[in-house]
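Protein chains in written order, with the working numbering: chain A, 166 to 447; chain B, 25 to 275. The next block holds one structure in the form of structure tokens; read it before the comments.
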Amino acid sequence: MIETDISSQRRAPHPPAAPHAIANPARKTTRILLASLALITLYALATIAPDNVDLGVAGKSFLHNLDLMFLHPHLGQDTLAQLVDALARSIALALLTTLIGAVIAFGLALFTARNLAPAPLATAMRSLMALIRAIPTILWVLVYATVIGLGTEAAVVGLSFHSVAYLVKAFAESFEAVPQEKLDALRVSGARFGLVIRHALWPSVRPSLLSWTFIRFEINFTNAVAVGAAAGTGGIGYYLFMSSAFYFDFQEVGLIVYLVLAFAILLEMIAVALRKHLAKMV
Amino acid sequence: MLTVSHLTKTYPNGKRGLIDVGFSIAPGSVTAIIGPSGAGKTTLLRSLNRLLTPEAGEIQLGNQEMRQLPPRALRLVRRQIGMIFQDYNLIEPLSALENVLHGCLGRKSLAAGMLGLYTKEEKKQALTLLEEVGLGDYALQKAGSLSGGQKQRVGIARAMMQAPQVILCDEPIASLDPASTHTVMTLLKDLAIQHDLMVIINLHQVDLAREFADHILGVNAGRIVFDDGPAALSDEALAHIYAAPEEAAYG
């Protein structure tokens, strides 16, 4: 199926091509790929040694755990106040790092946008930011943890660091979408560069900067939960880690997941409202 | 008085934009620059406020030579020169009034400008200008929601807010319908007379140049080939202005 789909797509722009094209290189590659995948799968199935696993028992206990988690969420080691407080800490971590990231990114994006900065500088900034972005946020937190020590400080610095690189790219692209002539129109009236930024660029990009920053807030919330477990930052991620990997308290895991989900839904509702508001601004 | 002499501009790709261009313009007049596409009309207009910098010649505004001015001094001279554009270049999410107020940013200190603090006089002046261009009722509307002709009039009010000596107009009516075209051209002409301005307009339409201009510059292949009043714009002169470049070079 897949092969015929691909080959018919390939042939589509050349209708007069022979119906049985021979030696199509793309087709050959696809065949080799599929054959290798099939071989690997067979090898894996033959060697995974499920000797000690009774699929019936395993399946049953899996369903039992799911049932405990999601149908009977319950408090365990910790009080609800503790969990809500931890959730608030994770949200605060996300909010703080997003704000730090956005403010620094705005400044740096002025040196990254091709319509504002000299070309060599813009290219250098762009490459540097791409390099920083290529390394996942969690790794940056761990990198900073070796410098600052495991804990909140490393999480704040690491999360902010990656946020800056992410937002610089997004902001710079928003800046570049403003036509050069609109900036020139104020520049040739004798306005200083700072005032051109403030009065021509800023009002034009404000909605898109807000929406990028909000997206980053969502990403940072996810990251904040994860670093709670991975970098000893505390927050809801730490409780999730302890209740699942330490106490095997699946009921509490379920409750925590629901708490995080509730906040995610709230975020989504805010996002929708924000989008409506921004649509009115433009 | 704006006097241009021996102005020459060569683009980095070797194309010659302007060749030994010279003319002078008196206050209280409308000057139209006409000529075939690619003749150098836009290059000429944009050299006058240094959006482009010619490599030789002089641009003299009053007693100030502009071509060689360093950035800081250039900023001060640019306050005297307003500009309006074919695509208006308004900041569309802002109100018409805010766009007009942008005209006085050149005079603002960095601190006051950053905070967006306009004085009462400035706000009054901006409102008066909007009324003058017939948009008093639209002051608080978003610029983006106005029609093309209205946007161009906001652009004119923004340029007037600079209290300029010169207004440069780069194809100001190329995106407008005939009725708006007439409104905008009449407005520019009236402003030139009332405020003793030098209005310089790039135009494609010869009949508009004849109707509204006091002074016509014909440009062909980077050279001024006509420099006279509209009465002198005979069919012969027109043919010369719009001649294919090779002929003009020998004309």
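Where a beta carbon is used, it is the ideal one built from N, C-alpha and C, also for glycine.
query                                                                                                                                                                                  : result
State yes or no: is the C-beta of B/Val90 within less than 9 Å of the C-beta of B/His126?                                                                                              : According to the sequence as given, residue 90 of chain B is Met; it is not Val. No, the Cβ-Cβ distance between B/Met90 and B/His126 is not below 9 Å.
By alpha-carbon positions, which one of B/Arg234, B/Pro94 and B/Gly173 ends up nearest to B/Ala198?                                                                                    : B/Gly173
Can you list, in chain order, the residues of its chain whose CB lies under 6 Å from that of A/Lys334, leaving out five sequence neighbours each side?                                 : Met294
Would A/His237 pass as a contact of A/Gly393 if the rule is Cβ separation under 9 Å?                                                                                                   : no
Going by DSSP, what residues sit across from B/Gly46 in a beta bridge?                                                                                                                 : None, per the DSSP bridge assignment.
Any beta carbon of chain B sitting closer than 9 Å to that of A/His364?                                                                                                                : yes
Okay, do the stretch 182-196 of chain B and the stretch 213-230 of chain B touch, 3+ Cβ pairs below 8 Å being the bar?                                                                 : yes
According to DSSP, is A/Leu439 part of a helix, a strand, or is it coil?                                                                                                               : helix
Would you please state the rounded distance, in angstroms, between the beta carbons of B/Gly86 and B/Gly246? I believe it to be under 8 Å.                                             : Not really, about 26 Å apart at Cβ, beyond 8 Å.
Strictly below 8 Å CB to CB, what residues from chain B border A/Leu351?                                                                                                               : His126 and Leu129
Across the stretch 354-373 of chain A and the stretch 314-321 of chain A, are there enough close Cβ pairs to call them in contact, namely three or more that are closer than 8 Å?      : no
Quick one: using the 10 Å Cβ neighbour count with 16 as the cut-off for buried, is B/Lys132 buried or exposed?                                                                         : buried
Output yes or no for whether 9 Å exceeds the beta carbon distance between B/Phe47 and B/Leu241.                                                                                        : yes
For a cutoff of 9 Å on Cβ pairs, would you count A/Arg357 as touching chain B?                                                                                                         : yes
Measure how close the beta-carbons of B/Asp238 and B/Gly253 come, nearest whole angstrom, since I'm counting them as under 8 Å.                                                        : 7 Å
Give the single residue among A/Ala427, A/Tyr423 and A/Ala274 whose Cα lies nearest to the Cα of A/Phe235.                                                                             : A/Tyr423
Given that a residue counts as buried once 16 or more other Cβ atoms are within 10 Å of its Cβ, and exposed if not, what is A/Leu258?                                                  : buried
Quick check on DSSP: helix, strand or coil for B/Glu195?                                                                                                                               : coil
Spatial neighbours of A/Ala274 within its chain, please: C-beta separation below 7 Å, excluding the five flanking residues on both sides.                                              : Val333, Phe336, Ala337 and Phe340
Quick check on A/Leu307 - is its C-beta less than 9 Å from some C-beta in chain B?                                                                                                     : no
Distance, Cα to Cα, A/Asp243 vs A/Leu405?                                                                                                                                              : 11 Å
Does the CB of A/Arg371 have a neighbour CB from chain B at under 9 Å?                                                                                                                 : yes
In the DSSP output, which residue or residues are listed as bridge partners for B/Gly106?                                                                                              : B/Ile191
Is any non-hydrogen atom of the ligand PLP found closer than 8 Å to the C-beta of A/Val390, if you look at the structure I gave you?                                                   : Among the components modelled here there is no ligand, and therefore nothing to report on the ligand PLP.
Might you give, ordered along the chain, the residues of its own chain that have their beta carbon closer than 7 Å to the beta carbon of A/Thr169, omitting 5 neighbours on each side? : In this prediction, A/Thr169 has a pLDDT of 42, which is less than 50 and means its spatial position is unreliable; what the coordinates show is noted afterwards. Result list for A/Thr169: empty, nothing under 7 Å.
If we define contact as Cβ-Cβ less than 9 Å, is B/Arg40 a contact residue for chain A?                                                                                                 : no
Have a look at B/Ile43 and A/Ser325 and give me their C-alpha separation to the nearest angstrom.                                                                                      : 55 Å
Identify the residues that DSSP records as bridge partners of A/Gly419: which are they?                                                                                                : DSSP, once it has assigned bridges, lists no residue as partnering A/Gly419.
Which ranges would you report for the alpha helix (DSSP H) in the stretch 43-129 of chain B if only whole runs of at least 4 residues count?                                           : 65-72, 95-102 and 120-125
Select from A/Lys193, A/Lys445, A/Ala287 and A/Ile297 the residue whose C-alpha is nearest the C-alpha of A/Pro372.                                                                    : A/Lys445
From the DSSP output, in three-state form, read off B/Leu26 for me.                                                                                                                    : strand
Using the beta-carbon count (16 or more within 10 Å), is A/Phe413 buried or exposed?                                                                                                   : exposed
Among the residues of its own chain, which have a CB less than 6 Å from the CB of B/Glu195, if the five just before and after it don't count?                                          : Gln110 and Asn226
Please report the distance separating the alpha-carbon of B/Gly59 from that of B/Asp251.                                                                                               : 12 Å
Decide if B/Asn123 is buried, meaning its Cβ has at least 16 other Cβ atoms within 10 Å, or exposed.                                                                                   : buried
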